[in-house]
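Peer 1: Before I ask anything, let me first share the structure, which is written out below as structure tokens.
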Amino acid sequence: MKSFEKLLLENKAWSAEKKAVDPEFFERLAQVQTPEFLWIGCSDSRVPAEIIVNAKPGEIFIHRNIANQMIATDFNCLSVLQYAVDVLQIKHIIVCGHYNCGGVKAALSMQSPDLMLTNKWLMHVKQTYRFHKDEIDALPSENLRVNRLVELNVIEQVQILAHTSIIQRAWNKHQRPVLHGWVYSLSDGLLNSLITLYSDTDLDPVFKYNFQNDLVQ
Ligand code: CO
């Protein structure tokens, strides 16, 4: 059997098992999705969002990319964010990084001429390194340097989320969502919280939107 055929077979088994336990499972799920969480995670196959938090289908709206980045000009991530916040009205956003992230490791290495696009995507992580260069360079091993940048990258993405108009408007109007920055350890399967931002977060004025004249409110 080819590897992809195994996936299709496993899918049949999964569907049958779900129906056996709960005959209305798919009918119910097909009606509507009301997830409480948006998850922005790394594409790494070892960090499957639903599995590591024991979530069921319908519970988490998910966006994953290399090194779990929220980039203010990336329409893919922004449209996921807008839909999650304005339509699904999610209550929490979780940016989840993971130790030993290949993307972060690559960002701490020289640029690869064979991976022009990936280099560009990782440029934002390199900038975060530049902001914290002294702290990271002082660490005694590559592993520690990568893992500290993993943490700083998560914190940076949460800050970037707070700087978007989508989040600031939702904070202003609905006092949600709460923004969380978590890091996952591949070695023990545990999550740790690094940062939490609530709707009353005092942002630097240069990142603040002025909604005073906002007629949409
Ligand atoms: Co990764």
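Those letters in the sequence shown? Residues 3 to 219, per the working numbering, in order.
Just so you know, even glycine gets a beta-carbon here, dropped at the ideal spot from N, CA and C.
#1: Just to confirm, does D139 get its C-beta within under 7 Å of one of the non-hydrogen atoms of the ligand CO?
#2: Can you confirm whether the stretch 40-56 touches the stretch 66-77 when touching is taken to mean that 3 or more C-beta pairs between the two stretches lie within less than 8 Å?
#3: May I ask which residues mark the beginning and end of the beta strand (DSSP E) holding H94?
#4: Closest to S143 by C-alpha separation, out of R30, L110, M3 and V34, would be which residue?
#5: Quick one: does the C-beta of H100 sit closer than 7 Å to a heavy atom of the ligand CO?
#6: With a threshold of 7 Å (Cβ to nearest heavy atom), would A69 be considered close to the ligand CO?
#7: Please state whether DSSP places N194 in a helix, a strand or coil.
#8: Which one of K128, H126 and R150 has the shortest CA to CA distance from E137?
#9: Would you report the Cα separation of L11 and Q214, rounded to the nearest angstrom?
#10: Can you say whether A51 is buried or exposed, counting buried as having 16 or more other CB atoms within 10 angstroms of its CB?
#11: Within the stretch 23-82, note down every full alpha helix (DSSP H) run reaching 4 residues or more, in order along the chain.
#12: Helix, strand or coil for L11, going by three-state DSSP, please let me know.
#13: Excluding the 5 residues flanking I162 on each side, which residues of the same chain have their C-beta closer than 7 Å to its C-beta?
#14: When you compare the CB positions of I157 and I96, do they come within less than 8 Å of one another, or not?
#15: I need the straight-line Cα distance from Q219 to K210, nearest angstrom please.
#16: Is L188 buried or exposed, if buried means 16 or more other CB atoms sit within 10 Å of its CB?
#17: With a threshold of 7 Å (Cβ to nearest heavy atom), would C79 be considered close to the ligand CO?
#18: On the CB-based measure, 16 or more other CB atoms within 10 Å of its CB, does H100 come out buried or exposed?
#19: In the DSSP assignment, find the unbroken beta strand (DSSP E) run with L188 in it and report its ends.
#20: Measure the CB-CB distance between L193 and Y200 and report whether it falls below 8 Å.
Peer 2: In this structure, then:
#1: To locate residue 139, count along the sequence shown from 1; it is residue 137. False, no ligand heavy atom lies under 7 Å from that Cβ.
#2: Yes: the two stretches touch, three or more of their Cβ pairs being nearer than 8 Å.
#3: Along the sequence shown, one-based indexing puts residue 94 at 92. Per DSSP, H94 belongs to the beta strand (DSSP E) from H94 to H100.
#4: Your numbering for residue 143 matches position 141 in the sequence shown. Between S143 and the set R30, L110, M3 and V34, the nearest pair of CA atoms involves L110.
#5: Residue numbering aside, residue 100 sits at position 98 when the sequence shown is read from its first letter. Answer for H100: yes, Cβ within range of the ligand CO.
#6: Within the sequence shown, numbered from 1, the residue matching residue 69 stands at position 67. Yes - the ligand CO has a heavy atom lying nearer than 7 Å to the Cβ of A69.
#7: For the purposes of this step, residue 194 is identified with residue 192 of the sequence shown, where counting begins at 1. Collapsing the DSSP output to three states places N194 in a strand.
#8: Mapped onto the sequence shown, residue 137 falls at position 135. Measuring from the Cα of E137, the nearest candidate turns out to be R150.
#9: What you label residue 11 is simply residue 9 of the sequence shown in a count that begins at 1. What you label residue 214 is simply residue 212 of the sequence shown in a count that begins at 1. So the alpha carbons of these two residues sit roughly 56 Å apart.
#10: For the purposes of this step, residue 51 is identified with residue 49 of the sequence shown, where counting begins at 1. A51 is buried by the Cβ-count criterion.
#11: Annotation: the stretch 23-82 contains the following complete segments of the alpha helix (DSSP H) (minimum length 4 residues), in chain order: 27-33 and 51-54.
#12: Working through the sequence shown from its first residue, we reach residue 11 at position 9. L11 falls in the helix class under three-state DSSP.
#13: Here residue 162 is taken as the residue at index 160 of the sequence shown, counted from 1. Once the five neighbours on either side are set aside, the close Cβ partners of I162 are M72 and A74.
#14: Taking the first residue of the sequence shown as 1, we reach residue 157 at position 155. Taking the first residue of the sequence shown as 1, we reach residue 96 at position 94. No, they are not a contact pair.
#15: Along the sequence shown, read from residue 1 onward, the residue named residue 219 stands at position 217. Along the sequence shown, read from residue 1 onward, the residue named residue 210 stands at position 208. With a pLDDT of 44 at Q219, under the threshold of 50, the predicted position of this residue should be treated as unreliable, though the coordinate-derived value follows. Spanning the two alpha carbons is a distance of roughly 16 Å.
#16: Here residue 188 refers to the residue found at position 186 of the sequence shown. Exposed: under 16 other Cβ atoms inside 10 Å.
#17: Locating residue 79 in the sequence shown gives position 77, counting from the first residue. Flag unset: Cβ of C79 not near the ligand CO.
#18: Position 98 of the sequence shown, counting from 1, holds the residue named residue 100. It is buried - the Cβ of H100 has at least 16 other Cβ atoms within 10 Å.
#19: As a first step, residue 188 must be located in the sequence shown, where it is residue number 186. L188: not part of any beta strand (DSSP E); DSSP gives it neither H nor E.
#20: Working through the sequence shown from its first residue, we reach residue 193 at position 191. Working through the sequence shown from its first residue, we reach residue 200 at position 198. No, they are not a contact pair.
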